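Residue numbers are given in this note's numbering: position 154 of the sequence shown equals residue 222, and the series is strictly consecutive. Ideal Cβ positions, reconstructed from N, Cα and C, are used throughout, including at glycine. No experiment lies behind these values; they were computed from the predicted model shown. Notes to accompany the following structure.
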Amino acid sequence: MAPAGRCRCPPRRRSPRCQASAAPDARLGRVGAIDDLLRNNDRFVTTFAHGSLEPHPAHEVALLTCMDARIDPALALGLVPGDAHVLRNAGGIVTDDVERSIAVSQRALGTRAVMVVQHTRCGMQGLDPNALGLPPRTPLGAFDDLDASVRTSVARLRASELLLHHDDIRGFVYEVETGRIRELTPD
Ligand SMILES: [Zn+2]
Numbered sequence: 069m070a071p072a073g074r075c076r077c078p079p080r081r082r083s084p085r086c087q088a089s090a091a092p093d094a095r096l097g098r099v100g101a102i103d104d105l106l107r108n109n110d111r112f113v114t115t116f117a118h119g120s121l122e123p124h125p126a127h128e129v130a131l132l133t134c135m136d137a138r139i140d141p142a143l144a145l146g147l148v149p150g151d152a153h154v155l156r157n158a159g160g161i162v163t164d165d166v167e168r169s170i171a172v173s174q175r176a177l178g179t180r181a182v183m184v185v186q187h188t189r190c191g192m193q194g195l196d197p198n199a200l201g202l203p204p205r206t207p208l209g210a211f212d213d214l215d216a217s218v219r220t221s222v223a224r225l226r227a228s229e230l231l232l233h234h235d236d237i238r239g240f241v242y243e244v245e246t247g248r249i250r251e252l253t254p255d
């Protein structure tokens, strides 16, 4: 329980009045966010019913998407625990580690299909690498053309020697404005 009078609103949603009450406890506020999630987990385990699931995804699908907080793949696609592998990173782009993970997904855990889902209004679109103050040559994965970025990731997976299955790899764009997922037409 937060001390009386302390604002618990997320920082970007605080009113000026909230800002005044939250300012002295800014450091504690960050710790409190994690504590809030752990309290949610305490409630979660009271009704947990997935302890007997097998690790092999029931739908034999691996899904790659962006880490963007507005996207919930389970809600958007009707997934439940045990259904699919979900990989996330900044942009939802194929990297060496994504390729490695999908190789393990296919070779050890039986998936065959891959969905690559990037999204509208992504922070990686048009991002200037210099704006983040990262060391030079840090691979950022920023892109300008959304559809082209999806196609590039799909093409990399289709050409990957690490993957076993290449015939059901498809690219999509999630629209954060509507929740709709549209498939890109093949090249
Ligand atoms: Zn994004």
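Check: For I170, is the classification buried or exposed, using 16 other Cβ atoms within 10 angstroms of its Cβ as the cut-off for buried?
Finding: buried
Check: Ordered along the chain, which non-local residues of its own chain (more than five positions away) have a Cβ less than 6 Å from that of R224?
Finding: V162
Next item on the list: Please indicate yes or no: does the CB of H153 lie closer than 7 Å to some heavy atom of ligand 1?
Entry: no
Margin query: So for R195, helix, strand or coil by DSSP?
Written below: Looking at the sequence provided, one finds Leu at residue 195 rather than Arg. Of the three classes helix, strand and coil, the one that applies to L195 here is coil, per DSSP.
Check: Which ranges would you report for the alpha helix (DSSP H) in the stretch 123-202 if only whole runs of at least 4 residues count?
Finding: 141-145, 164-177
Note to self: For R226, report the span of its beta strand (DSSP E) as first-last.
What the structure shows: Segment 214-226 is the alpha helix (DSSP H) holding R226; no beta strand (DSSP E) there.
Note to self: Any heavy atom of ligand 1 inside 7 Å of the beta-carbon of H124?
What the structure shows: no
Next item on the list: Measure the C-alpha to C-alpha separation of I102 and G150 and round it to an integer number of angstroms.
Entry: 25 Å
Check: Going by alpha carbons, who is nearest to V244 out of L208, V154, M135, N108?
Finding: M135
Next item on the list: Provide the residue span of the beta strand (DSSP E) that contains F240, from first to last.
Entry: 237-242
Note to self: Between the alpha carbons of V222 and A142, how many angstroms are there, rounded?
What the structure shows: 21 Å
Next item on the list: State the Cα-Cα distance for the pair E122 and G201, rounded to the nearest angstrom.
Entry: 43 Å
Next item on the list: Starting from E229, trace the beta strand (DSSP E) both ways and give me its first and last residue.
Entry: Run containing E229: none; DSSP gives neither H nor E here.
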